[in-house]
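UniProt numbering puts the first residue of the sequence shown at 1, with every later residue one more than the last. Cβ coordinates follow ideal geometry from the N, Cα and C atoms, glycine included. All figures in this text were calculated on a predicted structure; none of them were measured in a lab. The next block holds one structure in the form of structure tokens; read it before the comments.
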Amino acid sequence: MTSPSCFYINDFLIDLTRSEVIYDKTSTKVEPKVLQVLYLLAQHPNQVVSHQQIMDQVWHGTEVVPNALQRCIARLRKVLGDDAKSPHIIATHPKIGYRLMVDVRWQQNSDKQTKLAVAIPNSINKRIWIAIISFTLFFGIMFSVNISNELKIKSIKQLTHTDAFESNATYSPDGKYVVFNRHENSCQSHIWAKHMETGIESRLTEQAGFYRNTRFTPDGRSLIYTQQRHCNQASTSQHEPHTANCWQINMLDLAASLHNPQPAIVRLQCQNEQIERPIALPNHQYAYLNITQSQTGLFRYSATAQAATELFKPSDMTIYTYDYDHNQSQFIVLGYNDQFQHLITIIDNQGSIVQQNTIHFNGNSVFTERFNIHASMSNNSLIAVNQGQLYRLSLNGQLSKYESTTKGILSAYQHPTKPQLLAVKGYKDIDIAELSIVKSTQIDNKPGINQRVTPYISIARTKALEISPKYQPAGELIAFISTRSGHSEIWLWDGEQSQQLSHFESQAKFERFVWSPNGQHIAIVVDGSLKIIDLKGNVESFVHDVSMHQAVAWPNETSLFFTSRTTESAKSLWQFDFNTYAFSQYPVENAKNIWPTSKFLFYSDFSGKVFKRDLSPKTQKAQKAQHLPSLNGNSLVMQQSLFYGYDSSTGYLSAYSLSGEFKKQLIPLKPFAWKLTDIRDNTVLIEQVIEVNQDVVELTF
Numbered sequence: 001m002t003s004p005s006c007f008y009i010n011d012f013l014i015d016l017t018r019s020e021v022i023y024d025k026t027s028t029k030v031e032p033k034v035l036q037v038l039y040l041l042a043q044h045p046n047q048v049v050s051h052q053q054i055m056d057q058v059w060h061g062t063e064v065v066p067n068a069l070q071r072c073i074a075r076l077r078k079v080l081g082d083d084a085k086s087p088h089i090i091a092t093h094p095k096i097g098y099r100l101m102v103d104v105r106w107q108q109n110s111d112k113q114t115k116l117a118v119a120i121p122n123s124i125n126k127r128i129w130i131a132i133i134s135f136t137l138f139f140g141i142m143f144s145v146n147i148s149n150e151l152k153i154k155s156i157k158q159l160t161h162t163d164a165f166e167s168n169a170t171y172s173p174d175g176k177y178v179v180f181n182r183h184e185n186s187c188q189s190h191i192w193a194k195h196m197e198t199g200i201e202s203r204l205t206e207q208a209g210f211y212r213n214t215r216f217t218p219d220g221r222s223l224i225y226t227q228q229r230h231c232n233q234a235s236t237s238q239h240e241p242h243t244a245n246c247w248q249i250n251m252l253d254l255a256a257s258l259h260n261p262q263p264a265i266v267r268l269q270c271q272n273e274q275i276e277r278p279i280a281l282p283n284h285q286y287a288y289l290n291i292t293q294s295q296t297g298l299f300r301y302s303a304t305a306q307a308a309t310e311l312f313k314p315s316d317m318t319i320y321t322y323d324y325d326h327n328q329s330q331f332i333v334l335g336y337n338d339q340f341q342h343l344i345t346i347i348d349n350q351g352s353i354v355q356q357n358t359i360h361f362n363g364n365s366v367f368t369e370r371f372n373i374h375a376s377m378s379n380n381s382l383i384a385v386n387q388g389q390l391y392r393l394s395l396n397g398q399l400s401k402y403e404s405t406t407k408g409i410l411s412a413y414q415h416p417t418k419p420q421l422l423a424v425k426g427y428k429d430i431d432i433a434e435l436s437i438v439k440s441t442q443i444d445n446k447p448g449i450n451q452r453v454t455p456y457i458s459i460a461r462t463k464a465l466e467i468s469p470k471y472q473p474a475g476e477l478i479a480f481i482s483t484r485s486g487h488s489e490i491w492l493w494d495g496e497q498s499q500q501l502s503h504f505e506s507q508a509k510f511e512r513f514v515w516s517p518n519g520q521h522i523a524i525v526v527d528g529s530l531k532i533i534d535l536k537g538n539v540e541s542f543v544h545d546v547s548m549h550q551a552v553a554w555p556n557e558t559s560l561f562f563t564s565r566t567t568e569s570a571k572s573l574w575q576f577d578f579n580t581y582a583f584s585q586y587p588v589e590n591a592k593n594i595w596p597t598s599k600f601l602f603y604s605d606f607s608g609k610v611f612k613r614d615l616s617p618k619t620q621k622a623q624k625a626q627h628l629p630s631l632n633g634n635s636l637v638m639q640q641s642l643f644y645g646y647d648s649s650t651g652y653l654s655a656y657s658l659s660g661e662f663k664k665q666l667i668p669l670k671p672f673a674w675k676l677t678d679i680r681d682n683t684v685l686i687e688q689v690i691e692v693n694q695d696v697v698e699l700t701f
């Protein structure tokens, strides 16, 4: 007898063949590995199944991220309506395993079908099965060949190759033009068009601005895009963008702009909340993402009624991108849940969910990076980019990888009629440097062939990404993150040479780490788990039910702070106690950087605003944080009783009291070399942007 493929947990029907859980006529897609864990527990009801037994039988010895099992259990609890604090379905036995607390009802295969199959004469049965197998193999091979040919990049054509860098490339609906942003510096760009037959390029915008998300209207006559700026600032001349408090949607007439650069027509006036990815809809309506510190929602704006309405803002998912299928008149929304599983949700024009599936690739449904997507109108799927890799994403969540030697793809857009993709590819060259804060650093740049002119003398320079340098406490080393090995790793600099410390099997991207107070360990979050690395490269991992995001502070030997990703809050702050191995949550949301003292907790959010509140979590619940408006949280370090930060209005590194009071200017900082990461005595470590190399290319498949 074959093993049953369906069983009941209370009133939940688990269908292993379809990878779904059915309850009250509602079906929820669940990853196969997650259901395999439940199936193993169901085979041993009311018995403790050890961690090792689950890993052996479900993953068969394959190496996975350390908290893969914990994420599976968390996913099961959410689907089955269980609670980790007071469980009634799945019990946790710390450091041992898990136990299914309820009885299981198995649904056996139909005996009638079995008897009918036996009654068929063997000779006929054999001929039928041979025909079926041959038929299946033939079409399976043909289908495999077609998919392989379709997802294989045959050629690449360079479309731009300038000293500037490009972004937001898109085809016109007739395929005659490609339109893109060409950046003059980090916060100013123009919108350009290139005729595909003649190769002639035309600047479309009259004035430079901080433009993003350029797209055509469906009829191809106009372009819409977002502009980010201060409401009281007509133009931006600084090398670094100020903290924006204005987002608006602009429009350009293509024909007029090709003849002569045009001023923008404002379609949605200045909004004090962030707007991303506007898409033109029928009847003078526009969809866009509205991003606040608490949640992101999909909205629709009517230019006729001059009113916006909320379309989709789920409480159990964090939205980060979307697209619109004009042929099917439906939205395709991407987001992630508390387990950091990425979901693809189809909604209609009224905001109702048509279907929702988990995005998966080779059995994996957890991705540390967000997807960049574009709806493909030809085959009911999307073009997706994740960590420089190009995929095709079906509406049921299945990812298929394109075969290509092209790396570093940032975004892709499919041609309206041809088997071609328009892509932006490239890299950032960021270095680290050490400066004195008591005197300006002068360097004599005498570059030779293939040598870059850097704002300051770089430490351990390569053409890769070097970021987040940190001094070793009570030591002479500088630790930093570098992608010189092909992906993010921790490296050490001893003043003369650099050495790779970490060797993570995962190629996940990370941007933050912290030293231990004694300088003998480094803490970093990789693939959602906390890793402690000693100076010999040995790694110890700690897991938690909540998906960890970044380690942000290690103030003493017993406690470490990290942020997590949740749907309720973009970034929640947690503390880990090394003595008790306990995790406790702080009532602080959207924290990017923190600076704890003996009594207070200073932190910055993702807009760069800095706040102050009591350190104790108990007093924070009823306490409102104090805003310190003079501090720039995007470039701020603390030493003893002073803050040191970059003032974008003056271009100077300045000193401030812990209450945010200005003390004095110290040294001017050069353009693109202003982000402070650490301080020791009279020297600071900074990041400096050397080059942003991004070009538009066309891929043929």
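Proximity of the segment 176-185 to the segment 203-217 meets the contact definition, three or more beta-carbon pairs being nearer than 8 angstroms. Counting only runs of 4 or more residues that sit fully inside the segment 340-381, no alpha helix (DSSP H) segment turns up. When beta bridges are read from the DSSP output, Ile686 appears opposite Ala433 and Leu676.
The DSSP assignment places no complete alpha helix (DSSP H) segment of no fewer than 4 residues inside the segment 480-506. A straight-line Cα-Cα distance of about 45 angstroms links Gln262 and Val684.
In the same chain as Ser584, and ignoring 5 residues on each side of it, the C-beta atoms closer than 6 angstroms to its own belong to Gln575, in chain order.
One Cα belongs to Val637, the other to Asp678, and the distance between them is close to 6 angstroms. Secondary structure within the segment 572-634: the alpha helix (DSSP H) runs of 4 or more consecutive residues, fully enclosed, are 617-620 (chain order). Annotated three-state conformation of Val178 is strand, per DSSP. Take the alpha-carbon of Ile153 and the one of Ser411: they are about 15 angstroms apart. The beta-carbon distance between Ala553 and Val525, rounded to whole angstroms, is 13 angstroms. This is too long to meet the 8 angstroms contact definition. In this structure the segment 479-497 touches the segment 508-518; the number of beta carbon pairs closer than 8 angstroms is three or more. For Pro32, the uninterrupted alpha helix (DSSP H) segment begins and ends at Pro32 to Ala42.
Under the three-state reduction of DSSP output, Lys85 falls in the coil class, being neither helix nor strand. Pairing His415 with Ile191, the inter-Cα distance amounts to about 19 angstroms. Contact between Arg215 and Ile279 holds: CB atoms are separated by about 6 angstroms, below the 8 angstroms threshold.
Sixteen is the threshold: when 16 or more other Cβ atoms of the shown chains lie within 10 Å of the Cβ of Thr226, as they do, the residue is buried.
In the displayed model, Ala307 falls within a strand according to three-state DSSP. Under the three-state reduction of DSSP output, Val79 falls in the helix class. Spatial neighbours of Leu159 in its own chain (CB-CB distance under 7 angstroms, excluding positions within 5 residues in sequence) are listed in chain order as Val178, Lys194, Val696, Val697 and Glu698.
Our two residues, Ile409 and Leu41, have alpha carbons roughly 42 angstroms apart in a direct line. Counting other Cβ atoms within 10 Å of its Cβ, Tyr581 stays below 16 and is therefore classed as exposed. Relative to Leu100, the option among Glu403, Val48, Leu560 and Pro587 whose CA is nearest is Val48. Classified as buried, Gln694 has 16 or more neighbouring CB atoms from the shown chains inside 10 Å of its CB. Nearest in C-alpha terms to Ser400, of all of Asn364, Thr368 and Tyr656, is Asn364.
The continuous stretches of alpha helix (DSSP H) do not include Ile191, which lies in the beta strand (DSSP E) extending over residues Gln188 to His195. Residue pairing by DSSP puts Lys425 in a beta bridge opposite Ile409 and Asp695. Shown here, Arg512 sits in coil according to DSSP, grouped into three states, outside any helix or strand. Ile291 and Gly335 have their C-alpha atoms spaced approximately 13 angstroms apart.
Under the 8 angstroms Cβ criterion, the segment 600-613 does not count as touching the segment 664-671, having fewer than three qualifying pairs. In terms of Cα proximity to Ile96, the closest of Asp253, Gln53, Asp82 and Ser86 is Gln53. The Cβ atoms of Ile89 and Asp429 do not sit closer than 8 angstroms to each other. Straight across, the Cα-Cα distance linking Leu501 with Gly528 is about 20 angstroms.
In terms of Cβ geometry, Val30 and Glu20 form a close pair [threshold 8 angstroms].
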